Structure formats: C-alpha cells, structure tokens
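Visitor: Sharing a structure here in structure tokens format.
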Amino acid sequence: MKKSILIIATVALSILNINATNEKTISNTSTESKEITKNNIAQVFEWKIETTKETYSGTSLSLKQAKNMMTLSSSGEIVTAKEIKSFFVLKSEVNAKRNYFWEVETATGTAKGYSSTEDYAHKMIQLVASGDAIVSKIIISQPQQ
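Numbering (my numbering), first residue to last: 20 to 164.
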C-alpha cells in the first residue's frame, strides 16, 4: 500500500514538474502584406568620412543631406577619405530595423539595399532587375542593432 501511494505521488509530481517547466508561447498569426512597386521604393544614402581624428558615418534620405552631414561632422578637421553609397529600401522600412542586405548585378548595372525580411529582399531584386538578365545576386542576413 505504501509503495503504490509513493508511486502515484511520484507520477503526479513528475507530471506537475513537466508542466511547470514548459513555456507556453503565443504565436503571432497575423501577416502583413505590402505591395512592392517602384512608387514604394526609397533611396537611402549611407555616408562615411574619415578624418585625422575620427571616423564618422550615418544614413540620410537624400544625397544633399548626406553631403551636409559629412561637412558638419568633419568641420575643422583634416579629411582623409570620403564615401557615399546608395541603397534601395521600401518606404515603409526607411525607419524600421533592417536585417537583410541584398545586392543584384545585371548586364546594365548594380543595385543594393536593405529589407526586413528575406522575402522582401527577393522581391526587391526582381523589381530592380525587371527586364534585365541577372548576372549575380546576394542576400545576407545581418543582426539587428
């Protein structure tokens, strides 16, 4: 009798312990779809300037703004190197955290950009390279900062 009570108690505690250690997660079932067209694409300029004292970098929404930021950040210092790169992103993702870098090369040129999902990266490549034969394409996942 004592053994059967001990076995039942052990089984009951084991079941309670198993349930106590399992985390219950609620999955997000909502999906968001955005139409990707040329009107929904923005160009973002990534700038970097090196001086004898320090290196400054950032992003701007226009080339003029990028040049102004470079001038402001390096005023009074000797400039050793300048660089401005442009990237294509969805307008809805301009201020969002981006974590997929994509680059496509066609027979007529190259384009680069960031997307928040791998699916959007593929769609951006198809849109930018529409009508051209794709020579190479790259999609790299980058950690969000």
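Glycine included, each C-beta is placed from N, C-alpha and C at the ideal position.
As the structure is a prediction and not an experimental result, all values here were calculated from the model.
Just checking my contact of lysine 101 with methionine 89 at CB under 8 Å: how many whole Å lie between their CB atoms?
Guide: Within the sequence shown, numbered from 1, the residue matching residue 101 stands at position 82. Within the sequence shown, numbered from 1, the residue matching residue 89 stands at position 70. Indeed, because the Cβ distance is near 6 Å, the residues count as touching under 8 Å.
Visitor: Can the beta-carbon of isoleucine 103 be found less than 8 Å from the beta-carbon of valine 123?
Guide: Position 84 of the sequence shown, counted from the first residue, corresponds to residue 103. Position 104 of the sequence shown, counted from the first residue, corresponds to residue 123. No, these two residues do not count as a Cβ contact at 8 Å.
Visitor: With a Cβ-Cβ cutoff of 8 Å, do lysine 131 and isoleucine 144 count as a contact?
Guide: Here residue 131 corresponds to residue number 112 of the sequence shown, with the count starting at 1. Here residue 144 corresponds to residue number 125 of the sequence shown, with the count starting at 1. No.
Visitor: Does the ligand FAD have even one heavy atom less than 7 Å from the beta-carbon of glycine 128?
Guide: Annotation note on the ligand FAD: not contained in the displayed structure, which lists no ligands.
Visitor: If the criterion is Cβ atoms closer than 8 Å, does the pair lysine 105 and isoleucine 68 meet it?
Guide: For the purposes of this step, residue 105 is taken as residue 86 along the sequence shown, with counting starting at 1. For the purposes of this step, residue 68 is taken as residue 49 along the sequence shown, with counting starting at 1. The sequence given here places serine at residue 105; lysine does not occur at that position. The answer is no: Cβ separation not under 8 Å.
Visitor: Assuming serine 79 and phenylalanine 64 are in contact, meaning their beta carbons sit under 8 Å apart, how far apart are those beta carbons, in whole angstroms?
Guide: Along the sequence shown, one-based indexing puts residue 79 at 60. Along the sequence shown, one-based indexing puts residue 64 at 45. Rounded, the Cβ-Cβ distance is 5 Å, consistent with contact.
Visitor: In its own chain, which residues sit with a C-beta less than 8 Å from the C-beta of threonine 48, not counting the 5 before and 5 after it?
Guide: Mapped onto the sequence shown, residue 48 falls at position 29. With a pLDDT of only 46 at threonine 48, under 50, the local geometry of the prediction cannot be trusted, and the value read off the model is given with reservation. So no residue of the chain qualifies.
Visitor: Considering only C-alpha positions, which residue in the set Thr99, Phe107, Ala148 and Lys72 is nearest to glycine 128?
Guide: For this step, residue 128 is matched to residue 109 along the sequence shown. Nearest C-alpha to glycine 128: Ala148.
Visitor: Here's a check: name, in chain order, each residue in its chain whose Cβ is nearer than 6 Å to the Cβ of phenylalanine 81, leaving out the five neighbours to either side.
Guide: For the purposes of this step, residue 81 is identified with residue 62 of the sequence shown, where counting begins at 1. The amino acid at residue 81 is misidentified as phenylalanine; the sequence shows serine. Taken in chain order, the list of residues that qualify is empty.
Visitor: Leaving out the 5 sequence neighbours to the left and right, which residues in its chain are closer than 8 Å to valine 98 when beta-carbon positions are compared?
Guide: Here residue 98 corresponds to residue number 79 of the sequence shown, with the count starting at 1. Ile68, Glu69 and Thr70, listed in sequence order.
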